[in-house]
Amino acid sequence: MNELLQTPIEFLKGVGPQRAQLLRAELGISTFTDLLYHFPFRYVDRSSYQLIKDVHLTDGFMQLKGTIISVQETGTGRNKRLTARFQDESGIIELMWFQGFKWILPSLKPGVLLQVFGKPKQYGKGWNIPHPEITEWSKVDHSSGWQPVYSSTEKLTSGGLHSRGIHKLINALLQQLGGHSLPDAIPAGLREELRLPSFERAIVSIHNPNDIPLAQLARTRFKLEELLHLQIELLLRKTITMQRTPGNVLTEVGEAFHSFYENHMPFPLTNAQKRVLKEIRKDMGSGIQMNRLLQGDVGSGKTVVALLTMLMGIGNGFQGAIMAPTEILANQHFIGIQELLEKTNVKVALLTGSTKKAARRILHEELLNGEINILVGTHALLEDIVQFKNLGIVVIDEQHRFGVAQRARMWKKNTVPPHVLIMTATPIPRTLAMTFYGDLDVSVIDELPPGRKPITTQHKSDKDRLVVFGFIRNEIAKGRQIYIVYPLIQESEKLDYANLMDGYESITRAFPLPEYKVSIVHGQMKPENKDYEMRQFVEGKTQIMVATTVIEVGVNVPNASVMIIESSERFGLSQLHQLRGRVGRGAEQSFCILMSGDKLSRDSKKRISTMVRTNDGFEISEVDLELRGPGDLMGTQQSGDLDLRIADLAKDGPLVALARDKAREILQLDSRLERSEHYLLKKEALRRLKDKPNWAEIS
Ligand code: ADP
Ligand code: MG
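Numbering-wise (the working numbering), the sequence shown opens with residue 1 and increments by one.
Have a look at this one:
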């Protein structure tokens with residue numbers, strides 16, 4: 001039966017080679033199945049009629065009842081057109097046809113009552129309806145309430161395949177399939193449990209709905225089917241990867257961990273930190289390589305978890321590496337980790353782009369002979385010349401900026417690939433995490449260290465600048481430090497740079513020496529100058545740090561309690577959240593002030609009001625997903641890979657989670673999808689896994 005659905009589309013009555021070619025090129029439809037899965041994007045109510053005078057109120061299609069008063073042909077050749085003046089009780093509108101309208105002429109009988117259906121277009125001051133459907137009133141099928149609307153293209157339309165033409169083809173196909181029983185990818189038991197219609201019923205109600213709720217239920221069914229395929233694919237991929245990749249077994253927690261934990265921990269771990277460490281410990285003892293994503297809001301204390309993870313490795317005779325996306329952040333990790341390990345004999349080293357040649361040579365040697373226990377650094381770690389004696393654990397901080405390929409390069413630094421812990425402070429909505437990181441295990445630190453006061457966030461207009469300056473002065477008088485951040489976005493780099501410098505000047509004027517000292521950091525500075533300025537601020541020698549988003553990631557100055565973001569309307573939500581996370585790290589009440597102009601787009605308003613309303617990174621990420629869609633959030637390329645035609649990760653979160661659960665249940669029962677009711681799931685999984693077809697590895 002399945003074969004029937006795979007029939008090439010040209011064998012459908014009414015299609016033929018030419019139309020088949022068009023359908024393939026324009027809509028990617030090449031088989032019966034493809035056509036069935038070309039769903040309408042909306043339905044119009046064919047049981048109600050509108051009035052011509054309300055044409056400007058229409059949201060797309062209009063259905064009218066009236067008569068033609070005159071018909072006129074104009075133009076020659078390519079400019080030929082046919083115009084009919086159509087009248088109802090409220091007014092007159094023109095119906096238009098361009099080229100190839102001979103077949104329509106006979107149905108345009110003046111004085112005969114007609115039903116007209118089409119999409120009005122504004123044309124100068126007036127309106128017309130191009131290529132409407134015309135039906136004599138006496139022949140109207142008043143039983144068909146909802147009519148599906150299909151996406152089509154210009155080329156298809158001129159080939160006779162406008163929305164209604166496509167619907168006709170689909171109905172011809174449904175007719176041809178009628179009587180055959182069609183297989184269903186969703187196992188019957190699951191369908192019943194979720195009260196979803198069968199494939200057969202759903203395909204009919206999505207293309208010819210009797211009522212809208214049924215059509216919606218049918219759509220839900222197809223979304224679930226699609227997501228089920230995706231989640232099964234992801235779970236199988238994970239199983240295959242895990243079985244292919246043995247990991248170093250950490251037999252014990254080890255001395256390095258214990259002695260640090262008992263003697264040098266500056267604070268007790270939060271429960272969330274403890275839970276995550278247990279998850280990591282379990283992974284690393286399992287004999288399979290760990291690939292774990294650690295999500296935790298800014299300030300939730302991921303660094304110490306990373307350190308304790310590396311200490312476990314060291315206690316078992318391995319080395320650890322931690323990689324950060326910027327030099328500033330790598331430096332900071334290095335300083336922080338060194339401080340924590342001060343009274344231990346664990347040796348830490350730093351490797352970045354600015355590490356001098358001579359120092360590098362020594363470093364390479366000490367990595368190879370195992371003298372260095374922990375290497376902190378930037379992308380420089382990836383270079384092939386950087387080799388370890390026995391690298392057991394790699395921590396990647398802020399992984400958004402590292403690609404999968406880079407992850408793979410770290411794997412290769414040891415014969416048995418090191419365990420990998422990826423940390424991100426950009427919370428990803430759960431549904432995205434389980435989809436995009438389907439091959440990773442996910443841990444979440446969902447608790448902030450005790451004593452943090454929620455940051456107060458306010459939105460201020462550029463006109464309020466003096467008030468804001470007054471506020472800054474007060475905070476500085478209390479001994480606090482201030483960040484002022486300017487946007488620096490590639491497209492208008494020069495202009496942004498000018499704004500930054502202007503801003504810096506006006507700040508130094510408003511906060512003059514010797515009472516006030518202002519630091520500045522931006523991407524065009526030499527690394528050593530950047531470091532110097534940064535250090536001045538970290539050490540409290542300057543009170544104000546004017547910067548671009550280079551400080552976005554990870555910088556930790558607990559005494560800084562005010563974050564002012566200039567032109568905040570130009571920042572994305574996750575960036576704003578990251579920036580705000582730079583404050584609120586000490587015991588004092590912290591503030592975030594979002595400056596903006598008065599004219600704001602709807603999206604900017606929503607971003608700013610979300611920031612003012614909540615500090616919860618996961619909530620913010622949900623809004624971000626809603627505003628930007630998964631493509632922008634995760635990178636279009638990654639989203640494109642998912643190839644979702646029906647489901648929408650941004651809107652169908654609960655369905656994604658449901659599909660994940662059900663996929664897991666199915667594979668738990670039948671890990672190789674051998675049962676007959678899983679036949680179609682298996683077939684689709686094999687298609688999706690064709691680059692990894694080795695079923696023998698799935699046990
Ligand atoms: P992030 O998750 O953003 O990387 P950090 O690791 O930089 O957060 O931690 C933020 C701050 O919280 C640091 O100053 C760190 O020392 C502190 N910290 C982390 N864990 C705890 C804890 N359990 N109790 C108190 N302070 C903690
Ligand atoms: Mg961090």
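Think of the CB as a built atom: it goes at the ideal place given N, C-alpha and C, for glycine as much as any other residue. Computed from a prediction, not measured in an experiment: that's the story for all the values here.
Partner residues in the beta bridge of H419, as assigned by DSSP, are I393. Apart from the 5 residues on each side of it in sequence, I92 sits with its Cβ closer than 8 Å to the Cβ of I52, I69, R85, F86 in its chain, given in chain order. Counting only the Cα atoms, F511 lies some 22 Å from N529. Rounded to whole angstroms, the gap between the alpha carbons of I104 and L214 is 35 Å. Given a length threshold of 3 residues, each whole run of the beta strand (DSSP E) inside the segment 37-120 is given here in chain order: 42-45, 62-74, 81-87, 92-98, 114-118.
With the rule of 3 Cβ pairs closer than 8 Å, the segment 535-543 counts as touching the segment 517-527. Only residues of its own chain outside the window of five on either side were considered, and among them V623, L627 have a CB closer than 8 Å to the CB of K606, listed in chain order. With a cut-off of 8 Å on Cβ pairs, the segment 597-605 is not in contact with the segment 647-659, counting fewer than three such pairs.
For V298, the shortest separation between its Cβ and any heavy atom of the ligand ADP lies below 8 Å. Boundaries of the beta strand (DSSP E) around L375: 374-377. Taking a C-beta distance under 9 Å as the contact criterion, G320 and V395 qualify as a contact pair.
Boundaries of the alpha helix (DSSP H) around H258: 255-263. Nearest to T74 by alpha-carbon distance, out of F101, D211, N345, K65, is F101. When C-alpha distances from P130 are compared across A425, V204, H162, the shortest belongs to H162. If you look at G165, you'll find it in the alpha helix (DSSP H) that goes 163-177.
The straight-line gap separating the alpha-carbon atoms of P183 and E200 is approximately 8 Å. Within the same chain, F591 come within 6 Å of T456 by CB-CB distance, once the 5 residues on both sides are set aside.
One thing to note: R580 has its Cβ no nearer than 9 Å to the Cβ of N556.
Closest by C-alpha distance to I328, out of G353, V346, G313, is G353.
At a cut-off of 8 Å, the beta-carbon of M563 does not count as near the ligand ADP: no heavy atom of the ligand is closer than that.
Closest by C-alpha distance to N414, out of F388, P197, T431, L421, is F388. Between E279 and the set K125, S604, T33, I445, the nearest pair of CA atoms involves I445. Rounded to whole angstroms, the gap between the alpha carbons of H459 and S609 is 8 Å.
Exclusion of the five residues before and after N291 leaves V420, L440 as the residues of its chain whose Cβ lies within less than 6 Å of its Cβ. Closest option to D462, judged by alpha-carbon separation, among K155, L340, I564: I564.
DSSP places H459 in no alpha helix (DSSP H) but in the uninterrupted beta strand (DSSP E) bounded by 456-461. Spanning the alpha carbons of P197 and R191 requires a straight line of approximately 7 Å.
At a cut-off of 8 Å, the beta-carbon of M323 does not count as near the ligand MG: no heavy atom of the ligand is closer than that. Annotation: L466 is outside any beta strand (DSSP E); the continuous alpha helix (DSSP H) that includes it extends over 465-477. When beta bridges are read from the DSSP output, Y486 appears opposite no residue.
Under the criterion of beta carbons closer than 8 Å, L351 and L375 qualify as touching, at roughly 6 Å. According to DSSP, D184 shares a beta bridge with no other residue. Judged by DSSP secondary structure, P17 falls outside any beta strand (DSSP E) and instead within the alpha helix (DSSP H) spanning 16-27.
According to the DSSP assignment, A663 belongs to the alpha helix (DSSP H) that extends over 653-669. Under DSSP, no beta-bridge partner is assigned to M534. Placement of the Cβ of T435 at a distance of 8 Å or more from every heavy atom of the ligand ADP is found.
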